[in-house]
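Chains A and B, in that order, are what the protein sequence lines are. Just so we're aligned: the first sequence equals residues 201 to 504 in our numbering. Just so we're aligned: the second sequence equals residues 146 to 605 in our numbering. A virtual CB, placed ideally from N, CA and C, is assigned to each residue, including glycine. None of these values were measured; they are calculated from a predicted model. For reference, the structure is listed below as structure tokens.
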Amino acid sequence: MRRLLLVLLAIVALLPADAGAAKKIQVVTTIPDLADMTRKVAGDLADVSSIATGVEDIHAVPMKPKFAVLLNRADVVILMGLEAEHAFLPALLDASRNPKIRRDAPGYIDTSVYVPVLEVPSRLDRSLGDQHPMGNPHINLDPVRGKSMVRAIADGLARNFPEHASTFQKNAAAYTKELDAAIARWQQEAAPLKGKKLVSYHPDLIYFVERFGLEAFGTIEMRPGIDPTPSHVADLIERMRQAKVEIVVRERHYPAGLAETVAKATGAKLVELPAMVGGVPEADNYIAFIDYNIRALVKAATGG
Amino acid sequence: MHPSAAVWIRRIIASALGILLAAAPFPAPAQQAPGDAQLRQELDAVKEQLRRVEQQMRQQEELIRRLSPGTPPVAAPPATPGAPGVAAPPRPAPVPPMTVDVEELRRMILADIQPQLTAANKTFASQFNPAIGFIVDTVFSHSRENKSNFEFRSGEIGISASVDPFARAYAIINGTPDGVEVEEAAIVTTALPWGFTVKGGRFFAEFGRLSTFHDHDLPFVNRPLVLDRFIGGESQADGVEVNWLAPTPQYLAFTVGAYNKIGAANDRVDNRIPRDISEFTFLGRLHTAFSLTDSLGIDVGLSDAYTPEVRNVGLKPRNVFGADFTVRYAPLSQAAYRGFVWGSEFLVNHETRPGITPTEDSPDQIFRVRDAFGGYSYFEARLTRRYYPGVLFEYVQDIDRPASRTWALSPYFTIWASEFQRLRLQYTRLETNSPKQTDDQFFLQWTIIMGSHAHSFRDR
Ligand SMILES: [Zn+2]
């Protein structure tokens, strides 16, 4: 026992030397979208890694011990917020034993703080499903809200590292300008989508739909996080036929079979979309991700 | 909100937006794409709107200037008209006519909406109450040997909250047909440096994997026999535990603990008997994990619990060693729908047991050092978000008669209606070699969770 304690003490004593080697700000983000934004904002000042790779369902990212190690060394954690990361982040933060990034500590950077939220429930009850208690958290699919997330990242980093605040703000402004140009372009490219009705597997497209003038008609899921019953599917198909819904979206982390069935039964076009950066290889940064989604939908809407 | 205030706020916001747009340092994106007629049209419309906003602003400024006689004509702050309750401060230096004090604007708007914000931000006397969850676990069982029973397993209330910036605490209070018991009530530090946490009170000691699960959290209906016999059910312990996450790239967690005893149903020694400081049960555990691929990982744990001789109750030394292995497969893009868990634990109970009961001929208790081995291994697949079939194999020796061995095989099927409601069907075939015994058991378990619930890292 005493020998074990000595070994532990020796390792602790070696700690500062090890930590001093890397002077860069250690950032862990929950999703790759935030990692891309953070790299734009922090530039060379930070080492950024993401817990999710982009192909996951944000509501079911597998917890791995290596994430606890990653978070243990983090100076800040950057998350989407609105309980989007409920399935993995609170437990990982607990396991990481890092007081700097505990919930509501300065190093806990929630990027939803400046974002207007839709679908905020007026009543919290599990009969309504469990996954969106704070309102719809899929804010990363709307690039205008993306700008607000960039602002939250810059402000959050500045709060933790005031000595670099001007760099963060300058970089954020430059990236926002880049996003503004892209948004103007997307508004034009998305013109053929105006007024199109869309059904998705999960209600994660509502911000995108609102931004580009589509209409979210319904979801294959019964409630956020609750898989459909046969009667829900039958009812959805019936209503889609009547309303002439043209597009069915399967987010790539949901099962293919059901979305195919619904599309086939209604004659709607089936489109497979990523819900995060990295969800498909082409969507390797935030702008490329929105690009991909708009092009895939336009292609479907124009019969391509 | 007062109508005139609302009108003012709307005007102020419109003006500010107009000015911010006009003062934006970068060219409007549309200018980068000349030749697009539609875009230019839109731009023209925006310009026209801006012109109108500017005109309105100028009229307002003029009005303000006339209404405030003490201010020099050129120095009128453009955006501080007589909003309710806000006096326009005189400006010492002349301000160009087309700038606006954004800070002041923001302050005014916030002042106007503050009553609504305050009203929305209600406080309650109960708002520091802990989070509460309640679990109902009920089982219908039928056994060839023991007939049938509707078994109310437990109604369990769980509460948890932060204590202060330095600790959190939780309690689990369990009502069963045998009465009400504080199953856990523990304090956990949250702010210690260097990856340390300390836990104190009554809690489930970190021995192995499934010993730390509550009954209803187990992947199957019953706790594996080996844990029931060698640990004494859940690894409940009154004591203190220190846990350390090593600052290495490889995940390495160490636990050391000291307790009165480990095991809720371990009746070798009572929690209430005071003893020498060297007579507690001591535990050490090492837990590590490896990612084989993005989807496949293995957790390995080694645990050892040592109890020295407890003299005043005549208890001889005992050592329980355990090794646990958990292989998890979860394809990243389908983690909610596909995957499997293959979990195994092996335990060795090394103990000095009382041998033959004392008689008149030989009044001294005879002790014998015995070793018993036991383990279980289960494989559970995830077929959809709802269906989880699995099979559990168990083997355990009796510590007092190591030649007596029990095997069990239990196929089971779990259906998750949602994350908060679960149905489970299980069949168990049980065999003991001496005395020869067999049993066939059927279970139907129905479990629900109400209220607060957390996904813990340990209960993965
Ligand atoms: Zn969602």
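Kindly indicate which three-state DSSP category Lys581 of chain B falls into: helix, strand or coil?
-> coil
When DSSP builds the beta bridges, which residues end up paired with Lys292 of chain B?
-> B:Ser288
Quick one: Cα of Asn388 of chain B to Cα of Val409 of chain A, how far?
-> 48 Å
Outcome for Ile231 of chain A when other beta-carbon atoms lying within 10 angstroms are tallied against a minimum of 16 = buried
Quick check: the stretch 381-397 of chain B against the stretch 339-347 of chain B, are there 3 or more CB pairs under 8 Å?
-> yes
Would you check if the stretch 589-603 of chain B and the stretch 271-280 of chain B touch, i.e. whether three or more CB-CB distances between them fall below 8 Å?
-> yes
Per-residue contacts from Phe518 of chain B into chain C (C-beta, under 7 Å) = Absence of chain C from the displayed structure is noted, the protein chains being A and B.
Take the Cβ of Glu207 of chain B as the centre, count every other Cβ of all protein chains shown within 10 Å, and call the residue buried at 16 or more, exposed below.
-> exposed
Near Pro321 of chain A, which residues of its chain fall below 8 Å by C-beta distance, leaving aside the five closest residues on each side in sequence?
-> Leu328, His332, Pro333 and Gly335
Take Asp469 of chain B as the anchor and find which of B:Leu255, B:Ala434 and B:Glu424 has the nearest alpha-carbon.
-> B:Ala434
Curious, which full-length alpha helix (DSSP H) runs of at least 4 residues does the stretch 398-475 of chain A contain?
-> 406-411, 430-443 and 456-466
If you draw a straight line from the C-alpha of Ala526 of chain B to the C-alpha of Leu460 of chain B, how long is it?
-> 43 Å
So, is Asp415 of chain B buried or exposed, given that buried needs 16 or more other C-beta atoms within 10 angstroms?
-> exposed
Cα-Cα separation between Phe466 of chain B and Ile490 of chain A, rounded to whole angstroms = 54 Å
How would you list, in chain order, the residues of chain B whose beta-carbon sits under 9 Å from the beta-carbon of His453 of chain A?
-> Leu477, Ser478, Gln479, Ala480, Ala481 and Tyr482
Since Tyr451 of chain B sits in a beta bridge, which residues does DSSP pair it with?
-> B:Phe427 and B:Asn464
Taking all protein chains shown into account, do 16 or more other C-beta atoms lie within 10 angstroms of the C-beta of Leu554 of chain B, making it buried, or fewer, making it exposed?
-> exposed
Any C-beta of chain B sitting closer than 8 Å to the C-beta of Pro262 of chain A?
-> yes
Give a yes or no on whether 8 Å exceeds the smallest Cβ distance from Asn360 of chain A to chain B.
-> no
Report the neighbours of Pro394 of chain B on chain A: residues whose CB is nearer than 8 Å to its CB, in chain order.
-> Val269
Any non-hydrogen atom of ligand 1 within 7 Å of Asp404 of chain A CB = yes
How should Ala168 of chain B be labelled, buried or exposed, when 16 other C-beta atoms within 10 angstroms of its C-beta is the threshold for buried?
-> Here the model assigns Ala168 of chain B a pLDDT of 49, short of 50, so the residue's position is not dependable, and the following value carries that caveat. With fewer than 16 other Cβ atoms within 10 Å, it is exposed.
Ordered list of alpha helix (DSSP H) runs contained in the stretch 547-603 of chain B, each at least 4 residues = none
Burial state of Leu215 of chain A (16 or more Cβ within 10 Å) = Note that Leu215 of chain A scores a pLDDT of 49, beneath 50, so its modelled location is shaky; the value from the coordinates is reported in the next line. It is exposed - the Cβ of Leu215 of chain A has fewer than 16 other Cβ atoms within 10 Å.
Check Gln226 of chain A in the structure and name its three-state DSSP category.
-> strand
Quick one: does Asp253 of chain A have its CB under 8 Å from some CB of chain B?
-> Per the sequence shown, residue 253 of chain A should be read as Thr rather than Asp. Answer yes: the Cβ-Cβ gap between Thr253 of chain A and chain B drops below 8 Å somewhere.
Does at least one heavy atom of ligand 1 sit under 7 Å from the Cβ of Pro513 of chain A?
-> Nothing can be reported for residue 513 of chain A, as the shown portion of chain A is limited to 201 through 504.
Is the Cβ of Leu414 of chain A closer than 8 Å to any Cβ of chain B?
-> no
In chain order, what residues of the stretch 426-437 of chain B put their CB closer than 7 Å to some CB of chain A?
-> Ala434 and Ser436
Are any of the Cβ atoms in chain A nearer than 8 Å to that of Leu570 of chain B?
-> no
Taking Tyr486 of chain A and Val477 of chain A to be in contact with their CB atoms under 8 Å, please state how far apart those CB atoms are, rounded to whole angstroms.
-> 6 Å
Any idea if Ala374 of chain A is buried or exposed, counting beta-carbon neighbours within 10 angstroms, 16 or more meaning buried?
-> exposed
Where the alpha helix (DSSP H) through Val247 of chain B begins and ends | Val247 to Ala265
For Asp355 of chain A, the three-state DSSP class (helix, strand or coil) | helix
Comparing the CB of Gln586 of chain B with every heavy atom of ligand 1, is any distance shorter than 7 Å?
-> no
DSSP state of Phe352 of chain B mapped onto helix, strand, coil = coil
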